[in-house]
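K.L.:
These protein sequences, in sequence, are chains B and L.
Here this note's numbering is used: the first residue of the first sequence is 358, the next is one more, and so on.
Here this note's numbering is used: the first residue of the second sequence is 358, the next is one more, and so on.
Backbone N, C-alpha and C fix where the C-beta goes; we use that ideal spot for every residue, glycine too.
Number of protein chains: 2
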Amino acid sequence: MTGRQNPKLSDVARAAGVSLATASRALAGSELVRPETRARVREIVDMLGYLPHGAARALATRRSRTVGAVFPPVDNPIFAKATRALAHELSQAGYTLLLASHDYDPQAELAATRALIERGVDGLVLVGMNHHADLFSLLGRSALPYEITWSLDPGGSHHCVGLSHRLASIRVVQHLLDLGHREFAVIAGETAYNDRALDRLVGAREALVSRGIELAAARVVEAPFGIAQGKAALSHLLATAPGFTAVVGGNDPLAIGALLECRARGIDVPGRLSIAGFDDVDLAAELTPGLTTVRVPSAEIGSRAGQRLLARLAGKRVRRSEEMPAPLVVRGTTGPVPA
Amino acid sequence: MTGRQNPKLSDVARAAGVSLATASRALAGSELVRPETRARVREIVDMLGYLPHGAARALATRRSRTVGAVFPPVDNPIFAKATRALAHELSQAGYTLLLASHDYDPQAELAATRALIERGVDGLVLVGMNHHADLFSLLGRSALPYEITWSLDPGGSHHCVGLSHRLASIRVVQHLLDLGHREFAVIAGETAYNDRALDRLVGAREALVSRGIELAAARVVEAPFGIAQGKAALSHLLATAPGFTAVVGGNDPLAIGALLECRARGIDVPGRLSIAGFDDVDLAAELTPGLTTVRVPSAEIGSRAGQRLLARLAGKRVRRSEEMPAPLVVRGTTGPVPA
DNA sequence: TTGTAGGCGTTATCAT
DNA sequence: ATGATAACGCCTACAA
């Protein structure tokens, strides 16, 4: 009942009374093989429960129909959305996603990338521009097509689909400045090895400086991604550097945490404090008041990266760099500076 | 600069002045090869930037060091957590995760599973017991080890790591009954092809019936996963079948949606309405009041499934079925029935 | 301790 | 329209 090996193509060929070559062509749907023969081979395949052996096929074709993604953990909803969209896009085209996660550790990211290349992926999707020094040389040697997501390459040499986090962040702060705010606090995401978090922080500073406002060091805290961390960060700011009327969150979970902390403390938002986020996660729109934030099209980034990679694998050319829209979404958590 | 092919092991061997076999053994860290030789081979590997060809290796060893997961979309945070934990567990052991998602479509799930098997995964992780009729026979033929997650197999024939959603659901309802509630509404997850959602609904009904309470059809709505859907569902219930004092959500996003809808409408929770969820997503604990829910250890499920699979791949034996704890977590959204 | 050679399951290039 | 057969890159008895 269990003893016999999985049937191989030669078994199919024998059972169908054709040669190995013909069986292979029949399965590939080649026009060269007579329709009746093709049908018979297919029949035998079903009968025997034959499944092609991917490794053998990959060895012969030098293609694995597999794409690798080296992502930060998918329990960040923005990466979850992108992963889902990417996987969907790939499976539509008969490709499968090989996923490797790392926790913002460049060494681990490098190792994961190497592992994916060894597994024979036909292409790669990476996040951001901040990587281990050896990553790009590894990619170069492998000659695999890859797409950088979320960020844009200032040098213009890598294929990427992303946005300027700096400019988007400037738009957020501009909005708050327009509402009359002058006293700001920032809850930034962790900027080490995360160019998106860093660019957002840089953009915020820049927007303020351009209006002659200096962001005090005590008014900036950096925190790992998460609602709980956002709560803690706001508490910390309130305790150590009070007096601000606007809080800029480096991402939505941090901003939402700040918002929930305000609610728990009875601080009126936006009456006494305005809060803005970044990403536009689903939850942002569901809260009351809704969170003002930047809409980052995570799912679109994932699917575009997939489409671009598939196009390149099919020999088509794509624009080297693709900028995604990242509009400011004004909801209820930002309002005029209190009198 | 770009022309030459990636070096293969035979190139390494030649450069190191050893045979292919020795080079292979050296890389495998075999004790058979002299340490100096091993070192020299390693040196050449670095120098040439040699990367093993996984397909060739898989073909020869009949092992891919790859594990497949066929999961519902990872933008459901519980699957995101499990995916992260699973990927982490696997990578610790030098394995990589092949991820295939499907949107609760048994046909798509079957196709995805087949694709993973063809890609040569060494093992599989599946979710739940509700699958396409051909899935288990496919798995049987492939003879691959697999783990069912989240659910337990009543038949006891599949390896699984999960919990009884029925019993956990009974605990939730029991808790509400103990608080004096008699008028219930249920916002269930979609039960088609989702045994977890169905079992939770069944359990709720059962707990009520055991106290002589019938759950009116109008008091049960089924909704796709999501906060927005939870809001809509509560609105619908309020409009069509008012008078209930307790709402049982099939999962946390639905329950949280209901909670937010109440807040938006000025309905006091738990003063006028008690709400309970299922899963204990991060957000559940962060809201004020916190959501009463069942703590489902999603991350642990993912890592245990990985550990079990790795153990089995290493030839060890594991208990066929592993039940995870799923305690009720009482927070602030449930309280005594209003007088 | 190292080398030789056969095989892993396909695809693809020749013939026929 | 179909068949032989040589790759594909690596591993692993078996030999030396």
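(1) Can you give, in chain order, each stretch of the alpha helix (DSSP H) that sits fully within the stretch 389 to 428 of chain L and has at least 4 residues?
(2) Confirm, please, whether the CB-CB distance from R476/L to A418/B is below 9 Å.
(3) Please report the Cβ distance between A585/L and G614/L, rounded to the nearest whole angstrom; I am assuming they are in contact, meaning their Cβ atoms lie under 8 Å.
(4) Please list, in chain order, the chain B residues whose beta carbon lies closer than 9 Å to that of S458/L.
(5) Taking contact to mean 3 or more Cβ pairs, one atom from each stretch, closer than 8 Å, check whether the stretch 627 to 642 of chain B and the stretch 428 to 435 of chain B are in contact.
(6) Could you check what DSSP says for D636/B in three-state terms: helix, strand or coil?
(7) Kindly say whether T650/L, judged by its beta-carbon, lies nearer than 9 Å to any beta-carbon of chain B.
(8) Are the C-beta atoms of G614/L and some chain B residue less than 9 Å apart?
(9) Kindly indicate which three-state DSSP category V529/L falls into: helix, strand or coil?
(10) Let me confirm a value: T597/B is counted as buried when at least 16 other C-beta atoms fall within 10 Å, else exposed. Which label applies?
(11) By a C-beta neighbour count over all protein chains shown, 10 Å radius and 16 as the cutoff for buried, is V369/B buried or exposed?
(12) Does the separation of the CB atoms of L616/L and G587/L fall below 9 Å?
(13) For I544/L, name the three-state secondary structure that DSSP assigns.
(14) Any beta-carbon of chain B closer than 9 Å to the one on H516/L?
(15) Beta-carbon of N608/B versus every beta-carbon of chain L: anything under 9 Å?
(16) Kindly indicate if chain B contains any beta-carbon less than 9 Å away from that of T363/L.
(17) If contact is defined by three or more beta carbon pairs under 8 Å, each pair taking one atom from either stretch, is the stretch 498 to 508 of chain B in contact with the stretch 518 to 531 of chain B?
(18) With distance defined between alpha-carbon atoms, name the residue in L405/L, V694/L, R562/L nearest to P627/L.
(19) What three-state label does DSSP hand V651/B in the structure shown?
(20) List, in chain order, every chain L residue whose beta-carbon is nearer than 7 Å to that of G411/B.
(21) Contact defined as beta carbons within less than 8 Å: I believe I544/B pairs with G607/B. What is the distance between those atoms, to the nearest angstrom?
(22) Residues of the stretch 611 to 637 of chain B in Cβ contact with chain L at a cutoff of 9 Å, in chain order, please.
(23) What residues of chain L sit near D639/B, judged by a beta carbon separation below 8 Å?
(24) State the start and end residues of the unbroken beta strand (DSSP E) segment that holds I505/B.
(25) With a cut-off of 8 Å, do at least 3 Cβ pairs link the stretch 668 to 679 of chain B to the stretch 368 to 387 of chain L?
(26) Hey, does P463/L have any beta-carbon neighbour from chain B nearer than 9 Å?
(27) Run through the stretch 420 to 500 of chain L for me and flag every whole beta strand (DSSP E) of 3 or more residues, listed as ranges in chain order.
(28) In whole angstroms, what separates the C-alpha of L555/L from that of A561/L?
(29) Give the secondary structure of G606/L by DSSP, where H, G and I count as helix, E and B as strand, and everything else as coil.
(30) Could you compute how far the alpha carbon of T548/B sits from the alpha carbon of F582/B?
(31) Starting from G406/L, find everything on chain B with Cβ-Cβ shorter than 7 Å and list it in chain order.
(32) Residues of chain L with CB under 7 Å from I432/B, in chain order?
(33) Do you know how far the Cα of V651/B is from the Cα of A415/B?
(34) With a Cβ-Cβ cutoff of 9 Å, do V427/L and L495/L count as a contact?
(35) Measure the CB-CB distance between E540/B and A603/B and report whether it falls below 9 Å.
(36) Taking all protein chains shown into account, decide if E643/L is buried (16 or more other Cβ within 10 angstroms of its Cβ) or exposed.
P.N.:
In this structure, then:
(1) 392 to 405, 411 to 418
(2) Numbered from 1 along the first sequence, position 61 holds the residue referred to as residue 418/B. Numbered from 1 along the second sequence, position 119 holds the residue referred to as residue 476/L. Note that residue 418/B corresponds to Thr in the displayed sequence, not to Ala. Their beta carbons are not under 9 Å apart, which means T418/B does not touch R476/L by this criterion.
(3) The sequence position of residue 585/L within the second sequence is 228, counting from 1. The sequence position of residue 614/L within the second sequence is 257, counting from 1. Contact flag correct, Cβ pair sits at about 6 Å.
(4) Stepping through the second sequence from its first residue, residue 458/L is reached at position 101. Result: T440, R441, A444, H445, S448, L454.
(5) yes
(6) What you label residue 636/B is simply residue 279 of the first sequence in a count that begins at 1. D636/B: strand per DSSP, three-state reduction.
(7) Working through the second sequence from its first residue, we reach residue 650/L at position 293. Taking Cβ atoms only, chain B never reaches closer than 9 Å to T650/L, which makes this a no.
(8) Position 257 of the second sequence, counted from the first residue, corresponds to residue 614/L. Closer than 9 Å: yes.
(9) Translated into the one-based positions of the second sequence, residue 529/L becomes position 172. It is helical.
(10) Here the question's residue 597/B lines up with position 240 in the first sequence. Counting Cβ neighbours within 10 Å, T597/B comes out exposed, since fewer than 16 surround it.
(11) Counting from one through the first sequence, the residue named residue 369/B turns up at place 12. The residue is buried, with at least 16 neighbouring Cβ atoms inside 10 Å.
(12) Residue 616/L sits at position 259 when you count from the first residue of the second sequence. Residue 587/L sits at position 230 when you count from the first residue of the second sequence. Yes, Cβ-Cβ distance for L616/L and G587/L is below 9 Å.
(13) Numbered from its first residue, the second sequence carries residue 544/L at position 187. If DSSP states are grouped into helix, strand and coil, I544/L belongs with the strands.
(14) On the second sequence, residue 516/L is found 159 positions in, with the first residue counted as 1. So, not an interface residue.
(15) Within the first sequence, the letter at position 251 stands for residue 608/B. Chain L contact via Cβ: absent.
(16) Numbered from 1 along the second sequence, position 6 holds the residue referred to as residue 363/L. The displayed chain sequence assigns Asn, not Thr, to residue 363/L. Yes, N363/L lies at the interface with chain B (some Cβ there is under 9 Å from its Cβ).
(17) yes
(18) Translated into positions along the second sequence, residue 627/L becomes position 270. The residue with the shortest Cα to Cα distance from P627/L is V694/L.
(19) Translated into positions along the first sequence, residue 651/B becomes position 294. It is a strand residue.
(20) Your numbering for residue 411/B matches position 54 in the first sequence. In chain order: E475, R476, G477.
(21) Within the first sequence, the letter at position 187 stands for residue 544/B. Within the first sequence, the letter at position 250 stands for residue 607/B. Yes, I544/B and G607/B are in contact; Cβ-Cβ is about 6 Å, under 8 Å.
(22) I613, G614, L617, R620, A621
(23) Position 282 of the first sequence, counted from the first residue, corresponds to residue 639/B. Result: G583, I584, A585.
(24) Position 148 of the first sequence, counted from the first residue, corresponds to residue 505/B. Residues 503 to 507.
(25) no
(26) To locate residue 463/L, count along the second sequence from 1; it is residue 106. Not one chain B Cβ lies under 9 Å of P463/L.
(27) 423 to 428, 453 to 458, 480 to 484
(28) In the second sequence, counting from the first residue as 1, residue 555/L sits at position 198. In the second sequence, counting from the first residue as 1, residue 561/L sits at position 204. Computed Cα separation, rounded: 10 Å.
(29) Here residue 606/L corresponds to residue number 249 of the second sequence, with the count starting at 1. Looking at G606/L - three-state DSSP - the assignment turns out to be strand.
(30) Reading the first sequence from its first residue, position 191 is the one you call residue 548/B. Reading the first sequence from its first residue, position 225 is the one you call residue 582/B. Using only the alpha carbons, I get a separation of about 11 Å.
(31) Sequence index remark: in the second sequence, residue 406/L carries index 49 (1-based). Ordered by position in chain B, the residues that pass the 7 Å Cβ test against G406/L are R498.
(32) Position 75 of the first sequence, counting from 1, holds the residue named residue 432/B. The residue asked about is misnamed: residue 432/B is Asp in this sequence, not Ile. Within 7 Å Cβ-Cβ: P434, A437, K438, R441.
(33) For the purposes of this step, residue 415/B is taken as residue 58 along the first sequence, with counting starting at 1. For the purposes of this step, residue 651/B is taken as residue 294 along the first sequence, with counting starting at 1. Taking the straight line joining both Cα atoms gives about 42 Å.
(34) Your numbering for residue 427/L matches position 70 in the second sequence. Your numbering for residue 495/L matches position 138 in the second sequence. No, Cβ-Cβ distance for V427/L and L495/L is not below 9 Å.
(35) Within the first sequence, residue 540/B is the residue found at index 183, counting from 1. Within the first sequence, residue 603/B is the residue found at index 246, counting from 1. It is a contact, given that the beta carbons lie within the stated cut-off.
(36) Here residue 643/L is taken as the residue at index 286 of the second sequence, counted from 1. So E643/L ends up on the buried side.
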